[in-house]
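Presented below is the structure to which this report refers.
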Amino acid sequence: MAVITPSGTRESPEAPDKPPQPQRGRAKGSRRWIPYAFLLPALALELLIHFVPIVLGTAMSVLRVTQYQISHWWEAPFTGLGNFRIVLDLDGPTGRSLLQSFLVTLAFTAVVLSATWLMGMAAALALQRPFRGRGLLRTLFLVPYALPAYASVITWRFNFQRDNGMLNHLLGQAGLTDGNPFWLIGQNAFWAECVVAVWRMWPFAFLFLMAGMQAIPQDVYEASSIDGAGPWRQLRSITLPLLSPVNRVLVLVMFLHTFNDFSTPYVLFGAGAPPAGDLISVHIYESSFATWNFGLGSAMSVLLLLFLLLVSACYFALTRRTGHDKDQP
Amino acid sequence: MTHDTPGYRLFRYVTLTLLALFVATPLYVMVTSSLKSLPDVQGEFTWIPASPTLQSFVDIWHTVPLAQYFVNSLLVAVTATVLSVLVAVFASYAMSRWNFRGGSTFKGAVLATQMFPGILFLLPLYLLFVYADQNFGTDLVGTRTGLTLTYLTFSLPFAVWMLVGYFESVPRELDEAAKMDGAGPLRTLLQIIVPAATPGIVAVSIYAFMTAWGEVLFASVLTSEQTRTLAIGLQAYSTEVNVYWNQIMAASLVVSVPVVAGFLLLQRYLVAGFTAGAVK
Numbered sequence: 002m003a004v005i006t007p008s009g010t011r012e013s014p015e016a017p018d019k020p021p022q023p024q025r026g027r028a029k030g031s032r033r034w035i036p037y038a039f040l041l042p043a044l045a046l047e048l049l050i051h052f053v054p055i056v057l058g059t060a061m062s063v064l065r066v067t068q069y070q071i072s073h074w075w076e077a078p079f080t081g082l083g084n085f086r087i088v089l090d091l092d093g094p095t096g097r098s099l100l101q102s103f104l105v106t107l108a109f110t111a112v113v114l115s116a117t118w119l120m121g122m123a124a125a126l127a128l129q130r131p132f133r134g135r136g137l138l139r140t141l142f143l144v145p146y147a148l149p150a151y152a153s154v155i156t157w158r159f160n161f162q163r164d165n166g167m168l169n170h171l172l173g174q175a176g177l178t179d180g181n182p183f184w185l186i187g188q189n190a191f192w193a194e195c196v197v198a199v200w201r202m203w204p205f206a207f208l209f210l211m212a213g214m215q216a217i218p219q220d221v222y223e224a225s226s227i228d229g230a231g232p233w234r235q236l237r238s239i240t241l242p243l244l245s246p247v248n249r250v251l252v253l254v255m256f257l258h259t260f261n262d263f264s265t266p267y268v269l270f271g272a273g274a275p276p277a278g279d280l281i282s283v284h285i286y287e288s289s290f291a292t293w294n295f296g297l298g299s300a301m302s303v304l305l306l307l308f309l310l311l312v313s314a315c316y317f318a319l320t321r322r323t324g325h326d327k328d329q330p
Numbered sequence: 028m029t030h031d032t033p034g035y036r037l038f039r040y041v042t043l044t045l046l047a048l049f050v051a052t053p054l055y056v057m058v059t060s061s062l063k064s065l066p067d068v069q070g071e072f073t074w075i076p077a078s079p080t081l082q083s084f085v086d087i088w089h090t091v092p093l094a095q096y097f098v099n100s101l102l103v104a105v106t107a108t109v110l111s112v113l114v115a116v117f118a119s120y121a122m123s124r125w126n127f128r129g130g131s132t133f134k135g136a137v138l139a140t141q142m143f144p145g146i147l148f149l150l151p152l153y154l155l156f157v158y159a160d161q162n163f164g165t166d167l168v169g170t171r172t173g174l175t176l177t178y179l180t181f182s183l184p185f186a187v188w189m190l191v192g193y194f195e196s197v198p199r200e201l202d203e204a205a206k207m208d209g210a211g212p213l214r215t216l217l218q219i220i221v222p223a224a225t226p227g228i229v230a231v232s233i234y235a236f237m238t239a240w241g242e243v244l245f246a247s248v249l250t251s252e253q254t255r256t257l258a259i260g261l262q263a264y265s266t267e268v269n270v271y272w273n274q275i276m277a278a279s280l281v282v283s284v285p286v287v288a289g290f291l292l293l294q295r296y297l298v299a300g301f302t303a304g305a306v307k
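Protein chains in written order, with my numbering: chain D, 2 to 330; chain X, 28 to 307.
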């Protein structure tokens, strides 16, 4: 790099209490605008589609926006925390169903996240060493990830049909059920939804973990096997510790994807998911668009955002510390 | 290379068999059911089509306006992909080659939007589009334009994240050499950096296309009867009471084949992109 930045120790004629300004960027003088020009389209789009709506949504959460104010919502009456009082009131129907949906989503996330991670990890480990058919299996495992979400969920909806679906036929053949249970209504809806989400999402964990494992140098394994370490020992002492930075990102990303999943319940159940499968995204969607009560919907969205921010902040705080310990044993 | 222990072989055999069955069964159902006749899918499920026929691949185009959905999805996904990659290339160039005020804030903020649920933007964005249509004469609600504009931002975070990594691996000496030859920043980008980062750009394009092709939430609100995408058209049909499952399986197959083929052909680039991102 050609530019030498002035060091802070050099004597400066300026006021001594001013910290030395680090030289930012190599573009100087009149050409300083260039990076901003390249960034401008991305910035404008992000502002328009993401940041402005978030601000507006937060503003709407304190207004009583109903179907009559859709085109001039800013004139809706101010209710302060009124919307939040309604959605958090556990004695009222709105608050109770929101809490129910939140708990269902938590359980769904816990089941799907652990299953997808375990399956992704198992597949990545099983495909870690070369053998005949490895490439074919890897390709097969990635197919659910490449399929459009709605195509896979529609196929599963067919599998879950009571009278002509594959699942009841399979369970009947195996003698595991008497009669044909319903899968898309009642309590079973929760498990149906979990299975579909796992099927769709586990290849992402697999892809990510496989990429992480490929980056571990082969000679680490060779050195350890000379020392007599078996596969189990290698997994615990090499693979898992060296994957921890990958896992740190993967778990958070998967958590957010799963928690916010909309396509699975919406395509699987259509309008009106059964209570056992009522995930939070669909719940907010239905409560906003079924009644056009955008004020309540926005209040729920703001609470959801706060929850996700809190979880992510805690996650970063916790994993930073443990990650540090592992780096320096 | 170390030898596989019997325990590891057993683990590999069991794991791969179970996972392969789990993954392949629905795919098998999709393919075989699309080859069945209507009475065949309406009765008890069978593993093998009684009299295989391609009729459902013909009928589905009349049962639902599949061609129209196809055109809508294709227009939206292709436009969103091209624009999103273009915008991401510019932004990544700025971030990989200049160290400027606000750059890292922008990167952080863009990545943060990935974690927000779509439902959070949906209501206000819908109202914003309604407002723009009424006051500025734009045509964003119920049109392909509004949907394209929205989708284009969905793949931006991943695209920028991945392309910055790729661009940084292109040696800066090449930039300097181009500069000596009198090339401006735009020409340097297009003639030096873009060709060198082609695998990354290909990977990002597949990702952007898949994102737009499979999106459900925004399409369900921002499209009208005429601009419905495949996602919403097929979702609406498959949740009706009396569904011709053989036809809907045929449709699912038809809409999946192009993206799955594209993805599998180019998976090496995507996996490489993930590796670059995961290792950093």
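Glycine included, C-beta positions come from ideal geometry on N, C-alpha and C.
Which residue marks the beginning of the alpha helix (DSSP H) containing residue i, and which one marks its end?
i	result
GLY260(X)	257 to 265
ASN162(X)	145 to 163
ASP202(X)	199 to 207
SER60(X)	33 to 61
SER119(X)	93 to 124
TYR286(D)	281 to 290
ASP220(D)	219 to 227
ASN1(D)	The question about residue 1(D) has no answer here: the residues shown for chain D are numbered 2 through 330.
HIS89(X)	82 to 90
LEU46(D)	35 to 47
TYR193(X)	183 to 195
ALA190(D)	189 to 215
ALA235(X)	225 to 241
Whose CA, out of the options, lies closest to the CA of residue i?
i	options	result
SER102(D)	VAL196(D), THR117(D), ILE155(D), SER288(D)	SER288(D)
ALA121(X)	LEU293(X), TYR40(X), VAL191(X)	VAL191(X)
ARG214(X)	PRO184(X), PHE117(X), LEU155(X)	PHE117(X)
SER299(D)	MET207(X), LEU149(X), VAL56(X)	LEU149(X)
ILE228(X)	TRP188(X), ALA239(X), ARG124(X)	TRP188(X)
ALA124(D)	LEU291(X), LEU261(X), LEU45(X), SER283(X)	LEU45(X)
TYR267(D)	PRO42(D), LEU244(D), GLU194(D)	GLU194(D)
LEU62(X)	THR52(X), SER78(X), GLU71(X), ALA47(X)	SER78(X)
ALA150(D)	PHE142(D), ALA198(D), LEU107(D), THR140(D)	ALA198(D)
LEU65(X)	ALA277(X), GLU252(X), LEU48(X), ALA104(X)	ALA277(X)
PHE49(X)	THR80(D), GLU76(D), ASN160(D), SER245(D)	ASN160(D)
ARG295(X)	VAL231(X), SER265(X), VAL281(X)	VAL231(X)
Which word fits residue i, buried or exposed, when buried means at least 16 other C-beta atoms lie within 10 angstroms of its C-beta?
i	result
LEU311(D)	exposed
MET202(D)	buried
PRO275(X)	According to the sequence displayed, residue 275(X) carries Ile and not Pro. Its Cβ being crowded by 16 or more others within 10 Å, ILE275(X) is buried.
ASN169(D)	buried
PRO23(D)	Residue placement at PRO23(D) is poorly supported in this model, since its pLDDT is 44, which falls under 50; the coordinates still yield a value, given next. Exposed: under 16 other Cβ atoms inside 10 Å.
SER238(D)	exposed
GLN253(X)	exposed
GLY81(D)	exposed
PRO151(X)	buried
SER72(D)	exposed
TRP200(D)	buried
MET207(X)	exposed
Three-state secondary structure (DSSP) at residue i?
i	result
ARG25(D)	For ARG25(D), the predicted model reports a pLDDT of 43, less than 50, meaning its position is unreliable and no value from the coordinates is stated.
LEU64(D)	strand
GLY296(D)	helix
PHE127(X)	coil
GLY169(X)	strand
THR250(X)	strand
LEU79(D)	It is worth fixing the name first, because residue 79(D) is Phe in this sequence and not Leu. Three-state result, PHE79(D): strand.
ILE220(X)	helix
THR73(X)	coil
GLY121(D)	helix
LEU309(D)	helix
ARG342(D)	Outside the displayed range of chain D (2 to 330) lies residue 342(D), so it cannot be described from this structure.
PHE183(D)	coil
SER64(X)	coil
GLY93(D)	coil
VAL112(D)	helix
SER78(X)	coil
PHE270(D)	helix
LEU319(D)	helix
TYR271(X)	coil
GLY211(X)	coil
In chain order, which continuous runs of the alpha helix (DSSP H) of length 4 or greater are located wholly inside the stretch 124 to 152 of chain D?
135 to 147
Uninterrupted alpha helix (DSSP H) stretches inside the stretch 229 to 253 of chain D (no shorter than 4 residues):
232 to 235
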